[in-house]
Amino acid sequence: MQTIKLRLKDEVSGGVGGVARVPVEADSLTPDKLAGKSEAEIKAVKVWWGNREEKTGDLFEVSVEGEEGEGEGEEAAASADEVKVVFEGDLSRVKHIGDGMKAGEIEANGDVDMHCGAMMQGGKITVRGNADCWAGREMKGGELVIEGDAGANLCAMYRGEMTGMTGGKVVVGGNADECAGQYMAGGEILIKGNAGMLAGLNMQGGKITIEGDAVMPGADMTGGEITVKGKVLDRMPSFRLVETTVGEDGGEYKKYIGDLAMTERKAKGVLFVK
Amino acid sequence: MAEGGVSKMAEGELLIKNGVVFDPINGVKGEKKEICIRDGKVVAELKSPNVKVIDAEGRVVMPGGVDIHSHIAGGKVNSGRLFRPEDGRKGVAVRTKVCRVQSGYSVPNTFATGYRYAKMGYTFVMEAAMPPLAARHTHEELVDIPILDNAALPLIDNNWMTMDYVKTGDTDLLAAYVAWIMKATKGFGVKIVNPGGTEAWGWGKNCGLTDAVPTFDVTPAEIIKGLAEANERFEMPHSIHVHTNMLGHPGNFEVTKATYDLVKGVKTAKDRQVIHTTHTQFHSYGGTNWGDFVSKADAISDYINQNEHATIDIGSVILGDTTTMTADGPMEYSLHQLTGRKWTNHDVELETGSGITPFLYSGKVSVHTIQWAIGQELALLVKDPWKVALTTDHPNAGPFIGYPILISMLMSKKRRDEAAEEMHSAIFKRAALPSIDREYDLNEIAIITRGMTAKALGLHEHGKGHLGVGADADVAIYDISPEERDAGKIQKAFLNTKYTIKGGEVVVKDGEVVATPAGKTYFVTPECDEGLTEEMLVKLKDKFEHYYSVNFNNYPVQDAYVPNPYEIKASWSG
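Sequence lines, in order, name chains A and B.
Read in the working numbering, the first sequence has 1276 at position 7, and its numbers run on one by one without any break.
Read in the working numbering, the second sequence has 231 at position 249, and its numbers run on one by one without any break.
Given below as C-alpha cells:
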C-alpha cells in the first residue's frame, strides 16, 4: 500500500488581499494516474491552475509513504488498487478531485469544490467535509462518500446531456441540493439528510434513497426508484398512488408511479413515500 | 478578429516540387508538375534562385478546397452552440501558441471551424444561409473564423418584398431589390429555403410547390421562377441556390424534379447552371410515409444527367449525433415532434425564420440507413462530376469533419460494402447503393470538392478552385500517393493535410495549424439602374416604416464589418 499525501500550499489556496482565489483542477491526480510514479515524478505531473498549467510540486507539498507501485502502463493500472491519495489543506477551490478515476482510493480532508468524482469508473473517494455542485456527475462506477453536504446536480448529467449517473454508489451524510440524480440511469444514491428541489428529475433508472425530506421528487421520471423516508413537499400531481407496502425497514410506504406528465406509456418510475 | 490581424498575401516566393497535381479546372489529372508561387499567387516561373521549397515527394497536390454549402456563422449557428453545451464539450482543445481554444463537434466554435477546415485542405467556405436582418452578426462571426476565405448567401425567398413583386410580376423591380439586399448585407448570391413555407410557418402551416402562401397569394413555384429570372438580370457569379420545398418528406423527389422544370427555360447571364439545389439527399425521397420510404436518388440523378441547367450538392449523411439547423422552420418542428428532443425556433420579421433540433443518425435505423445511402448514390449516379458537389449540409446531415469519410466511401466500393453489412438491412432493399460499382478517382474527388464548386459559384474567375497562373496560391498537399487504394489511409490523409497553403502562406504542416491569417470575405455588388432602384426604394421604405422594427438607415451592413473585402461587380445584363 502506498499513500500519496498532497497538501495544497497556503499561497495557492489563500485569498490574499481580496484577490479571487483561482481554482486548481485535480483530475490528473487520481491513484490510477499516479500509480508507479516516484515522488519526483508526481511533483512533475501537470495540473491546471486557472488558465495556467503548473507542476503538482509547485501547488502541493507532496509526500509519499509506503511501497512504490511497480511497473508502467497496464501494470501500473493494476497496482492503482494499492494506491491511496490524500488531499489536505484548504480544498474549497480544488475542482475535479477523482474526476475519471478508475481504481484506488482518494481521501479529501475538508470541503471540496465542484465535479468531485465526476465520470468516476471505479475505486473509492471519501470527502471529509462538503462537496460542491456536480459531485459524481455522470459517474459510471466506484464509490463516493461525502460526509457533509452535497451541492446541486449531485450525480446528474452534464448540461444538455440526456444521461446522468449510470453506475456506482454514492452516500451523502448531510443534505443534497437541488436536482440530485438528474437523468440518472443506474447506480445508487443514499442521502441521509434532506434533498432539495427535483431530486431524480428526468430519472430513467437506478435508485435514490432520501432519509430526510424531499421537494418535488421524481419530476419527469420515466424509470428508476426513489424512496423518501421523511416528508415530501409539493409532490408532483402527475404521480398515481398504486398501493401501500411495507419497506425493508418495516415501515409503511405509499407507492406511486410516474411521471404521468411524460405520458402513461413512459411513466415507469416508482416513488415510495413513508 | 482572427489572430494574425488583417488579411495579407504572403510575400516572397515558394516552390512546390515533385507533387502529383490534380487541378481539374485546368485539365491537370495527376501530373507531376511544379507549382510556382509569388506574393500569394500562382505564377509561371520564379525569379529568385534561393526560394523556399516544399518537396511534395510524389504526394497528391490539389487546389485549396471550396465548400459550396455549409452553416458556419450567424444567428442559428450560434444558437446551436448555446443550446448544445453537450456538443461543445466534444472536441475541446486548449489554446496553443498558434491556436485559440477550440470546442464543439457538430457546432464547433469559430476558431475550431477555421482550423479543422484548413487541416482538411479547405480554404474557402460558403455560409449558406444569412437572414438579411442578421447579416451583421453573420459577418462578425465570419471575421472571427481564422484562415478561411468566405462568403454568405442572403435568404431572399420568404421575404415580403420579394413576394409582393412576384405577385405583381415586376421582375425588374425584384431584381432591383435583390441588388439592394446583396449590397445591404454584403451577400454573395440568392438563397432560397423552402420558399413560402417558412412564411406559412408563421401561421403554423407549410407550403407545397403550388400551394398559395397565406396572405400573399403567390406560390413557391412563382417565387423560385421570379427569383431565378431576377438573378439573371445581372451577371451574378452564382445561380439561385435552392433548398426545395418539402425537405425530408417521403415522396418529395417529385417536388424536386418539378422545381428543376420550373426554371428550365430561364436564360443565364453567365456560362453556368440556372439552379443549384442543395443537400439534395434530403429531397430525393420516395414512398408515401416512413414505412414505405425508399431512395429516389436514381430519379433525381437521371434528371441531372439528362439536363444541363441544374447542379446539386449531395448533403450526405454522416452517422452519429449532430445538430440540425435550417431556415425551414416547419421542417425542424416536424423533426422535433418525431424525436422528442429539444427544439428552438426563431422568426426573422418580414424575411425568414429558423429552427434547430439535435438529431442522431443511426446505422441501425432503416430510415437513417436509406438516407445515408441516398447522398452517396447521388454522387455515384450523376455521371458528370461537374454537376455534383460534396457536402454534408454541415451540420444538418453531419459535421464537415466527416468529409474524409465520404471521400473514402466514394473511392472504395469495398468500404461501402463493409459499412452496409453493419447497417440496417433496409439498405439492400430500399436503396441502390450496394448495387453501384462505380468508384471515384482522385481527379473526380478534386472536381466535387474544389473544381465544380468554384465553377458553380463563379469563383474560378476570381482565383479559387484551381492552380492556373494568376490563381490564389491556395494549395492542399495530402500525405498519400496517387496510387493509394486503401480507404482508411485515404480517409486519414484527407482529414489532416501534409501541408495546407493559403495565399502563399503555409497554414497547416503535418496536420497541425502553424499560422492563422485572416480570410477574405467575397461579396457581389449588382449594378442596378438608378431609376429602378428609386422606384423599389419607395416600396421598401414603406415596409420599414410600417413593419420593420429597425430603421431603414440602420439596416445595411457597414464596411467596417467586412475588414477584408473582395468585391465582385455584377453588371446589368437585362
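Glycine is no exception: its CB is placed at the ideal position from the N, C-alpha and C atoms.
Since the model is a prediction, treat every value here as computed from it, not as a measurement.
Secondary structure at ILE1477 (chain A): strand, using DSSP grouped into helix, strand and coil. Shown here for GLN1473 (chain A): same chain residues with a beta carbon closer than 8 Å to its own, the five before and five after excluded, namely THR1432, TYR1452, MET1453, ALA1454, MET1490, THR1491, GLY1492, GLY1493 in chain order. Excluding residues up to 5 positions away in sequence, TRP368, ALA371 lie with their Cβ nearer than 6 Å to the Cβ of MET434 (chain B) in the same chain. Close partners of PRO67 (chain B) in chain A (Cβ separation under 8 Å): TYR1427, ARG1428, GLY1429. When Cβ-Cβ separations below 8 Å define contact, ARG71 (chain B) makes contact with chain A.
Bounds of the alpha helix (DSSP H) holding LYS395 (chain B) are 395 to 403. LEU(-3) (chain B) has its alpha-carbon roughly 50 Å from the corresponding atom of LEU514 (chain B).
Per DSSP, the continuous beta strand (DSSP E) segment holding ASN327 (chain B) begins and ends at 326 to 330. Burial state of LYS101 (chain B) is buried, judged by a 10 Å Cβ sphere holding 16 or more other Cβ atoms. Scanning its chain for C-beta atoms nearer than 8 Å, with the 5 sequence neighbours on each side dropped, one finds around MET391 (chain B) the residues GLN358, ARG397, ARG398, ALA401, ALA469, in chain order.
In chain order, GLY1527, ASP1528, LEU1529, ALA1530 place their CB closer than 6 Å to the CB of SER1507 (chain A), counting only its own chain and leaving out the 5 sequence neighbours on each side.
TRP272 (chain B) has its alpha-carbon roughly 10 Å from the corresponding atom of GLY230 (chain B). The C-beta of ARG467 (chain B) has fewer than 16 other C-beta atoms within 10 Å across all chains shown, which makes the residue exposed. Unbroken beta strand (DSSP E) runs of no fewer than 3 residues, entirely contained in the segment 125 to 206 of chain B, are found at 131 to 136, 173 to 175, following chain order. When secondary structure is reduced to three states using DSSP, ILE459 (chain B) falls in the strand class. Listed in chain order, the beta strand (DSSP E) runs fully inside the segment 1371 to 1415 of chain A are 1374 to 1377, 1393 to 1396, 1412 to 1415, counting runs of at least 3 residues. For the 8 Å CB-CB criterion, MET108 (chain B) and SER52 (chain B) form a contact.
Between the C-alpha atoms of LEU301 (chain B) and VAL496 (chain B) there is a straight-line separation of about 31 Å. The segment 221 to 237 of chain B makes contact with the segment 307 to 318 of chain B: 3 or more CB pairs, one atom from each, lie closer than 8 Å. Scanning its chain for C-beta atoms nearer than 6 Å, with the 5 sequence neighbours on each side dropped, one finds around VAL148 (chain B) the residues VAL200, GLU204, ILE205, GLY208, in chain order. Fewer than three Cβ pairs drawn from the segment 151 to 158 of chain B and the segment 117 to 124 of chain B lie within less than 8 Å of each other, which leaves the two stretches out of contact.
DSSP, read as helix, strand or coil, puts PRO377 (chain B) in coil. Within the DSSP bridge table, the entry for PRO340 (chain B) names B:THR305 as partners.
By the Cβ test, the segment 261 to 278 of chain B is not in contact with the segment 321 to 339 of chain B, since fewer than three Cβ pairs between them sit closer than 8 Å.
Remark: C-beta atoms of GLY46 (chain B) and VAL457 (chain B) approach each other more closely than 8 Å.
Rounded to the nearest whole angstrom, the CA to CA distance from ASP193 (chain B) to ALA240 (chain B) is 14 Å.
In the displayed model, PHE93 (chain B) falls within a helix according to three-state DSSP. By the Cβ rule, the segment 131 to 138 of chain B counts as touching the segment 169 to 176 of chain B, because three or more pairs are nearer than 8 Å.
Here PHE534 (chain B) carries a helix assignment [DSSP, helix/strand/coil]. Shortest Cα-Cα distance from MET1505 (chain A) to any of A:GLY1487, A:LYS1535, A:ARG1276, A:ASP1359 involves A:GLY1487. Straight-line measurement puts the Cα of GLY297 (chain B) at about 54 Å from the Cα of GLY1462 (chain A). Cβ-Cβ distances below 8 Å link VAL1314 (chain A) to SER1297, LEU1298, LYS1302, LEU1303, LYS1306, LYS1324, THR1325 in the same chain, with the five nearest sequence neighbours on each side left out; the list follows chain order. For ALA55 (chain B), the three-state secondary structure derived from DSSP is coil.
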